[in-house]
Amino acid sequence: MTAPAGLLAALREIVGSERCLSRREELLPWECDGLTLHGSLPSAVVLPRDTHEVARIVRACRRFDTPFVPRGAGTGLSGGAIALDGGVVIECAKLDRILAIDGANRLAVVQPGVVNAALSQAVRPHGLFYAPDPSSQMACTIGGNVAENAGGPHTLKYGTTTNHVLALELVLPDGERLRLGSATGWSPGVDLVGVVVGSEGTVGIVTEVTVRLTPLPEATETLLVLFADVVSACRAVGAVITSGLVPAAMEIVDRRTIDAVEASVYAAGLPRDAGAVLLVELDGPAEALPPQIERIRALCAVEGARVQRARDDAERERFWRARKGAFGAMGRLAPDLYVHDAVVPRSRLPEVLARVGEICDRHRLRLSNVFHAGDGNLHPNISFDRRDADELARVVAAGREILEACVAVGGVISGEHGIGTEKRDFMGLVFSADDLEAQHRLRAAFDPDGVCNPGKILPTPRFCVEANPKARGYDHVPL
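Printed below as a string of C-alpha cells:
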C-alpha cells in the first residue's frame, strides 16, 4: 500500500524529507520486528523528535484516514510493532533524551527512545538503577518496554515494567496530549497508567515516562549451578522458592543453548558437560548473603548439583553476558529463531518442559530452552528456516500446541513478550467472550475508530470461537 501523496507531503512538512521515509528500500527495515514469522511493509516511516511533532503526525494520519503504529527499537518478539495494511510507522527512536534525574526522590523522566541499559548507566552516580532488565536491554527502549510491560531476569524480585512506571505523557489517537499518573505514583480514580502499560501501543503513543529508580544493592553474589538435566534444575528452583528465599534472579539454560553460546562471541566458559545450568543472583545487605548462598548450596546438592560462585565482577558479567547473549548465539543454529513466551506455575515446570520437548520432537523441530525459571516464564526456542514452507508450517503448529500445553496446567500465553499478531488469535484460550468484549470496549474508549496499531492483541470473533469452544455464540464485538 502506498501512502497518499497528500499525506506524505503533510508528513514531510512536519519532520522534513530526511525524517520521512517512503521508498520501498527505505521501508524494509520496518517490515517486521524481532518476530520474523510476521511481516508487513508500512506505507511510510516518520521519525519525530518531540511530542509536538508526534501529535501533528497523528493528526495528519487522521486527516488522510491512515492507521499508524508507534515503534521503538523493534526488538519486540510478538509482531506488535509492524504496520498492517500499509499504515504509517511512527518511529520514536529519536525521542531519546533523559529529561530529568531526581536522585532524592528516586525517579527519572525520560523520552520513550531512551535505551533501557543507558538509563541505569546514567543514574548509577546517584547510587540508583532502573530495575527492569530485558535480555535486549542494550538495544530496547523504555517506550517499547512500557508498551509490552517488559520483564527480564530480575523480574523475580523486582517485578516488571508496570511496577516501575509512575506517570506517562500520551498522544491520543485523535492527536490530543494527555498526562496520566504523578511523580508520587498515586492519582485519584481509575489507574489509567496501568491501562497504558502493556497495551502494546493500541491506546496512544507514549512520549514521556516517569520511572521509579531503585537503590543499588550493597552487595551482589552470582552463582552458576551445574545440573545433569533441566528437570533437576527446575526441582531445585522450586525448593529454593519454597524455602522462603527470593533471589534477584533464577535463570535456566539447557545444554543445546550452552553449546551455542560457547561457540559464539558470548562464550563465558560454561561447562559443556552440564545438562543445564542455573544462574542464581542474590543481592542486598552484605551480611545477609553468605547464609543465603549456603542455603542454596544445600538445596541444590539434593539434586546432585555443583555450585560455582563468581569470583569477581568480571566473572559475574561474563556469566550474564552468556545468558543475555543466548538468543543471539542461536543464530549459529539456523537462519531463523522463534522465541516463544508463556508462563506456568513453577511446580509444573518439569512436566511442561517434557511436553514441549515431545511437541517439538513430533514436529521434527530443533528446540533449545533458556528461561526465567524463578517465575515460571518459559522461552522455548525453535531454530528453523522460514524459506522451507513445510518447516515453517510445523513451527506454527508446534507454537500453538505449546501454548495449549501451558494453559492446560494453569498457565498463561505470555509473560513479557506481549500478544501482538503472534498470539492475538489465541486469546480465547485464556479469556471468555465477555472478557474479550470488555477489553474491546476499553480500547474503544481511547481509540473508537481503531486507527492506533490496529489488528493487534484482540482477536476477531471467528478466531475467538476457534480457539475457545466455550466462547461459541460470541457473534459480535462492539468497536
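Numbering (our numbering), first residue to last: 816 to 1294. Backbone N, C-alpha and C fix where the C-beta goes; we use that ideal spot for every residue, glycine too. These figures come from a predicted structure and were not determined experimentally.
Nearest neighbour of residue i, chosen from the options [CA to CA]
i: T1036; options: E1096, V1055 and T1017; result: The question names Thr, but residue 1036 in the sequence shown is Glu. Among E1096, V1055 and T1017, the Cα nearest to that of E1036 is on E1096.
i: E868; options: W1001, T1022 and R839; result: T1022
i: G1099; options: S855, A908, F944 and A1034; result: A1034
i: G898; options: C907, P857 and L934; result: According to the sequence shown, residue 898 is Ala rather than Gly. If we check each option's Cα against that of A898, P857 comes out closest.
i: W845; options: N1268, V1222 and R886; result: R886
i: L836; options: T851, R874 and G902; result: G902
i: R879; options: A824, G1090, L1182 and D917; result: This sequence places Phe at residue 879; Arg is not what is there. Checking every option, the nearest Cα to that of F879 belongs to A824.
i: H979; options: L850, G1235 and N964; result: N964
i: A1113; options: L1060, V1154, A1141 and R1147; result: L1060
i: L1310; options: H1194, N1184 and V1011; result: No information on residue 1310 is available, as it lies outside the stretch 816 to 1294 that the chain covers here.
i: L850; options: D1250, I1197, G1265 and A1204; result: I1197
i: L1148; options: A1137, S1183 and R1126; result: S1183
i: P988; options: F883, A932 and P927; result: F883
i: L1007; options: M953, P949, E1173 and F1261; result: F1261
i: S1058; options: T1072, D1074, C1115 and L1031; result: C1115
i: D1069; options: M1145, P863 and S1002; result: M1145
i: P1032; options: P1165, V1052, G1000 and E1102; result: E1102
i: V1052; options: Q926, P1274 and R1163; result: R1163
Residue i in three-state terms, based on DSSP
i: M1065; result: strand
i: G1189; result: helix
i: A1263; result: Inspection of the sequence shows that residue 1263 is occupied by Pro rather than by Ala. DSSP places P1263 in coil when its eight states are reduced to three.
i: D880; result: coil
i: V1005; result: coil
i: Q1123; result: strand
i: C1221; result: helix
i: T1072; result: helix
i: N1196; result: strand
i: P1296; result: Since the first residue shown for the chain is 816 and the last is 1294, residue 1296 is missing from the structure and cannot be characterised.
i: S1058; result: coil
i: P1284; result: In this prediction, P1284 scores a pLDDT of 39, lower than 50, which makes its location untrustworthy; no coordinate-derived value is stated.
i: V1046; result: helix
i: A1299; result: This structure does not reach residue 1299, given that the chain is present from 816 up to 1294, and the question cannot be answered.
i: E868; result: helix
i: D1098; result: strand
i: P1293; result: For P1293, the pLDDT reaches just 31, beneath the cut-off of 50, and the residue's location in the model is therefore unreliable, although a value from the coordinates is still provided. P1293: coil per DSSP, three-state reduction.
i: F1246; result: coil
i: N1184; result: strand
i: E1077; result: helix
i: T1035; result: strand
i: V1012; result: coil
i: R1277; result: At R1277, the pLDDT of 37 sits below 50, so the modelled position is not reliable; the number obtained from the coordinates is stated separately. Residue state, collapsed to three classes: helix.
Contact belief for residue i with residue j at Cβ below 8 Å, rounded distance in angstroms
i: G891; j: G1214; result: At roughly 16 Å, the Cβ-Cβ gap does not stay under 8 Å, so G891 and G1214 are not in contact.
i: S893; j: E1237; result: 4 Å
i: L934; j: I957; result: 7 Å
i: D848; j: A896; result: 4 Å
i: T866; j: V986; result: 7 Å
i: A1085; j: A1188; result: Sequence check: residue 1085 is Leu here, not Ala. Contact flag wrong, Cβ pair sits at about 16 Å.
i: G959; j: L943; result: Rounded, the Cβ-Cβ distance is 22 Å, inconsistent with contact.
i: V1266; j: R877; result: 7 Å
i: V1185; j: F1199; result: V1185 to F1199, Cβ: 17 Å. No contact.
Between the CA atoms of residue j and residue i - distance to the nearest angstrom
i: V1076; j: R939; result: 29 Å
i: L822; j: L993; result: 25 Å
i: P1263; j: V1055; result: 48 Å
i: L1152; j: V830; result: 36 Å
i: G990; j: I872; result: 8 Å
i: V930; j: S1047; result: 36 Å
i: G1004; j: A937; result: 33 Å
i: A1089; j: R1050; result: 16 Å
i: G966; j: A820; result: 41 Å
i: R838; j: G1243; result: 38 Å
i: W1135; j: A1129; result: 10 Å
i: G854; j: G889; result: 12 Å
i: G1235; j: F1241; result: 11 Å
i: R1239; j: G1270; result: 8 Å
i: S997; j: A915; result: 14 Å
i: G928; j: L862; result: 11 Å
i: L1218; j: F1246; result: 14 Å
Beta carbon proximity, residue i to chain D, threshold 8 Å
i: P1269; result: The structure shown has no chain D; it contains just one protein chain.
If you pair each beta-carbon of the segment 1060-1070 with each one of the segment 1004-1020, do three or more pairs fall below 8 Å?
no
State whether the segment 1222-1237 contacts the segment 1157-1164, with contact taken as three or more CB pairs (one from each stretch) at a distance under 8 Å.
yes
Between the segment 1118-1132 and the segment 1041-1055, are three or more C-beta pairs nearer than 8 Å?
yes
On the three-pair Cβ rule with 8 Å, is the segment 903-915 touching the segment 965-984?
no
The segment 913-925 touching the segment 1023-1031, judged by at least three CB pairs closer than 8 Å
yes
Taking one C-beta from the segment 1077-1084 and one from the segment 1132-1146 each time, how about it: are there three or more such pairs within less than 8 Å?
yes
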